[in-house]
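Below is one structure, written out as structure tokens; the observations come after it.
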Amino acid sequence: MPVLRTATDDDAKPLAQLAEATFRDTFAAVNSAANMDAHCRARYGEARQAREIADASMHSFVAEHDGALVAYAQLRFGPAPDCVRAVHPGEILRLYVHRDWHGRGLAQRLMDASLAALRERGADIAWLGVWEHNARAIAFYRKFGFTEVGDHVFPVGDDPQRDLVMVKSLATDGKNSTEE
Ligand SMILES: CC(C)(COP(=O)(O)OP(=O)(O)OC[C@H]1O[C@@H](n2cnc3c(N)ncnc32)[C@H](O)[C@@H]1OP(=O)(O)O)[C@@H](O)C(=O)NCCC(=O)NCCS
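The sequence shown begins at 582 in the working numbering and counts up one residue at a time.
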């Protein structure tokens with residue numbers, strides 16, 4: 582089974598490679614090559630992932646198997662869309678598993694680690710954006726108790742796509758946060 586751990590500086594290059602490969606694997610069939618290239622140039626690369634790993638307002642997890650990264654999740658603490666009613670929102674920015682590992686429980690381990698880390702950092706609500714047609718990911722998030730509260734635009738190149746915004750309460754009593 583892959584080992585799940587917090588990313589270090591040394592992971593920047595393999596994380597960038599995995600992030601781009603899994604993004605392309607998930608979305609290349611439904612986007613133009615130009616938009617995929619533009620998105621990957623803007624979001625992935627060793628320097629960019631190195632900054633993200635070092636960013637104190639983020640947390641990056643990687644899963645390693647036989648010396649290779651096979652999955653990752655990145656959390657971000659900061660502003661959330663208006664439809665996310667939280668005092669301290671915590672975002673699951675990216676959660677990607679290599680296709681060889683889909684359906685094998687690794688995504689669940691990553692999600693458990695992500696939710697625990699969000700709680701540890703004081704988040705009361707976990708939120709994320711997911712492409713409206715990404716049925717498997719939406720089903721996965723629903724299994725964890727995420728519900729849809731709105732939408733936002735996620736540009737892929739010059740294509741303004743619609744992402745569903747989903748939230749999950751991290752309050753231990755299971756209630757949604759209502760404080761302003
Ligand atoms: C989304 C992801 C992390 C989920 O991990 P996973 O290991 O595939 O998760 P699961 O096998 O538990 O699948 C989740 C649920 O999706 C549903 N599902 C499975 N295959 C499906 C398919 N081909 N189409 C639609 N739904 C599907 C099932 O309900 C499944 O739950 P169940 O097996 O308990 O019934 C993983 O598929 C992935 O990395 N996908 C590519 C990257 C991605 O889309 N990331 C999210 C970006 S927001």
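Glycine included, C-beta positions come from ideal geometry on N, C-alpha and C. This structure is a prediction, so every number in the text was calculated from the model and none was measured.
Check	Outcome
Selected residue, minimal CA-CA separation from D681, among V584, L596 and T603	T603
Helix, strand or coil at M582 according to DSSP, with G and I counted as helix	coil
Coarse secondary structure for E767, derived from DSSP in three states	The structure shown does not extend to residue 767, since the chain is modelled only from 582 through 761, so no value can be given for it.
Alpha carbon of M583 to alpha carbon of D693, nearest angstrom	Checking the displayed sequence, the identity of residue 583 turns out to be Pro instead of Met. Their Cα atoms are separated by approximately 15 Å.
Complete runs of the beta strand (DSSP E) confined to the segment 639-681 [at least 3 residues]	639-646, 649-658 and 670-678
Span of the alpha helix (DSSP H), counted from its first residue to its last, around D695	Inspection of the sequence shows that residue 695 is occupied by Ser rather than by Asp. Run containing S695: L687 to E701, per the alpha helix (DSSP H) assignment.
G671, buried or exposed, once every other Cβ within 10 Å from all chains shown has been counted against 16	buried
S750 - partner residues in DSSP beta bridges	I706
Residue range of the unbroken alpha helix (DSSP H) whose run includes T589	Counting along the chain, T589 falls outside any alpha helix (DSSP H), and DSSP gives it neither H nor E.
Among R690, A697 and E729, the one whose alpha carbon lies nearest that of R666	E729
Distance between H669 and V651 (C-alpha atoms, nearest Å)	30 Å
Nearest to Y653 (by Cα), restricted to the options H683, A707 and H733	H683
Cα-Cα separation between K724 and A628, rounded to whole angstroms	34 Å
Simplified DSSP state of D618, which is helix, strand or coil	helix
Beta-bridge pairing of Q598 - partner residues as DSSP gives them	Partner(s): none; Q598 has no beta bridge.
Spatially closest choice to D636 from R657, L585 and H679, by CA coordinates	R657
Inter-stretch contact at 8 Å, needing at least 3 Cβ pairs: the segment 713-720 / the segment 732-745	yes
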